[in-house]
Amino acid sequence: MPYIIDGKAISAQIKEELKTEVTAMKERGIVPCLAVIQVGNDPASSVYVNNKKKACAYIGIESLAYELDECTTQQELVSLIEELNQNEKVNGILVQLPLPKHIDEDTIIQTISPKKDVDGFHPMSVGNMCIGSKGFLSCTPAGIIQLLKRSGVVIEGKECVIVGRSNIVGKPMALLLLRENGTVTVAHSRTKDLKEITNRADILIVAIGKPKFITADYIKEGAVVIDVGIHRNAENKLCGDVDFEDVKEKVSAITPVPGGVGPMTIAMLMENCVEAVR
Ligand code: NDP
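With numbering that gives the first Met the number 0 as the guide, the letters of the sequence shown map in order to residues 0 to 277.
Written as structure tokens, this is what we have:
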């Protein structure tokens, strides 16, 4: 059996470290505060928002919940964000995506002050990440770096292959692996001979959004595999983009779904909230 990279345990460890830091902040009279905005009541978004609020409560971060009606206008949402940008008590602003179709996500992301952009989606945050300046890191890729480091996986000098080039996972993942001195290749739907490329990977990160797409023939013997995908199958069970059962004898370490990358995304959001105060 491969080494199972336990995202639940690692995220719990990070949350514990943050709780200690926030307790010390509170002793100095500083209470970190995150504003969480949800527009409409999409059930999946409600689950994510609740999990974020619970994590805040555990660590000691105050959370302000804004549950807006589905027909909230773009201008109303922009006005609320501008008000929160000015509110000195608020350290971080999170707008749960996706937004209803009549609201332009890019406009909303760009309205959030880069100083409070705890999701790390603002072009300023992305630019800082690109040139290696201080700034908020995208939560899922930053969580993957923590998973690798805290599991003792060396990134420096390794062949790292990312399958998927989305703005929230694939592209920022490439930047963060480069920062760690990995040799990075990014593959996508137009890549020719994907198997040949993934078979070079010492570290393979998969974020394509297709259940069990990556099978043993895509993987080099002994590779470390990080599965970002998350899907619910016909029996209502969760699975990833990697066929875990098929690849498990070939890899040296792998993240499970659930319990791998998922818990890390929230842990890194909490890290960004504390960073906003620091
Ligand atoms: P997107 O749909 O935005 O991007 C998918 C990427 O995969 C695209 O770049 C696409 O290429 C590429 N792709 C699609 N099919 C293939 C293929 N056959 N071969 C090679 N590349 C392909 O997805 P996200 O990045 O947002 O998410 C990916 C998965 O990760 C989803 O299952 C999502 O639910 C999950 N996720 C999990 C998170 C967590 O916290 N655990 C957080 C974020 C996402 P192209 O650009 O050419 O179209």
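Built from N, CA and C at the ideal position, the CB exists for glycine as well.
Coil, strand or helix - Q73 by DSSP: DSSP places Q73 in helix when its eight states are reduced to three.
Contained beta strand (DSSP E) runs [length at least 3] in the region 121-169, N- to C-terminal order: Secondary structure in the region 121-169: the beta strand (DSSP E) runs of 3 residues or longer, each lying completely within the stretch, are 158-162 in chain order.
Near the ligand NDP: S165 beta-carbon under 7 Å from a heavy atom: Indeed, a heavy atom of the ligand NDP lies less than 7 Å from the Cβ.
Stretch-stretch touch, CB-based, cutoff 8 Å, three pairs: the region 255-272 with the region 138-153: Because the criterion of three Cβ pairs below 8 Å is met, the region 255-272 and the region 138-153 touch.
Enclosing beta strand (DSSP E) for V256 [first to last residue]: If you look at V256, you'll find it isn't in any beta strand (DSSP E); DSSP assigns it neither H nor E.
Cβ-Cβ distance between K194 and D216 below 8 Å: Taking 8 Å as the cut-off, the Cβ atoms of K194 and D216 count as close.
Selection from M24, D68, C70 and F120 that minimises the alpha carbon distance to L93: The shortest Cα separation from L93 among M24, D68, C70 and F120 belongs to F120.
beta-carbon A206 near the ligand NDP non-hydrogen atom, thresh 7 Å: Placement of the Cβ of A206 at a distance of less than 7 Å from at least one heavy atom of the ligand NDP is found.
Pair within 8 Å by beta-carbon distance, R199 and K170: Here R199 is not near K170, since their CB atoms are 8 Å or more apart.
V117 to A56 span [Cα, whole Å]: Between V117 and A56, the alpha-carbon positions lie close to 17 Å from each other.
S124, buried or exposed, once every other Cβ within 10 Å from all chains shown has been counted against 16: The residue is buried, with at least 16 neighbouring Cβ atoms inside 10 Å.
Helix, strand or coil at I289 according to DSSP, with G and I counted as helix: Shown here, the chain extends from 0 to 277; a query on residue 289 therefore has no answer.
T214 beta carbon near the ligand NDP (any heavy atom closer than 7 Å): Not under cutoff, so the answer is no.
First through last residue of the alpha helix (DSSP H) which encompasses T110: First-last of the alpha helix (DSSP H) with T110: E104 to T110.
Beta-carbon proximity list for V48, same chain, < 7 Å, skipping 5 on both sides: Hits under 7 Å: V35, Q37 and Q95.
Element boundaries [beta strand (DSSP E), containing Y65]: Its beta strand (DSSP E) spans residues E61 to L67.
Residue nearest to G163 in terms of C-alpha spacing, selected from I213, V152 and V205: The shortest C-alpha separation from G163 is found at V205.
Distance cut-off 7 Å: N86 Cβ against heavy atoms of the ligand MN: This structure lacks the ligand MN; the ligands present are the ligand NDP.
Classification of D201 by the beta-carbon crowding that lies within 10 angstroms, buried from 16 upward: Taking all protein chains shown into account, D201 has 16 or more neighbouring C-beta atoms within 10 Å of its C-beta and is therefore buried.
6 Å Cβ shell around A186 - same chain, five flanking residues per side excluded: Closer than 6 Å at Cβ, skipping near neighbours: V162, L193 and I196.
Supposed close pair I207, G228 - CB separation, criterion 8 Å: Rounded, the Cβ-Cβ distance is 7 Å, consistent with contact.
Where G134 falls, given that 16 or more other Cβ within 10 Å makes a residue buried: By the neighbour-count definition (other C-beta atoms within 10 Å, threshold 16), G134 is a buried residue.
Beta-carbon gap between V90 and V276 smaller than 8 Å: The residue asked about is misnamed: residue 90 is Asn in this sequence, not Val. Cβ atoms of N90 and V276: closer than 8 Å.
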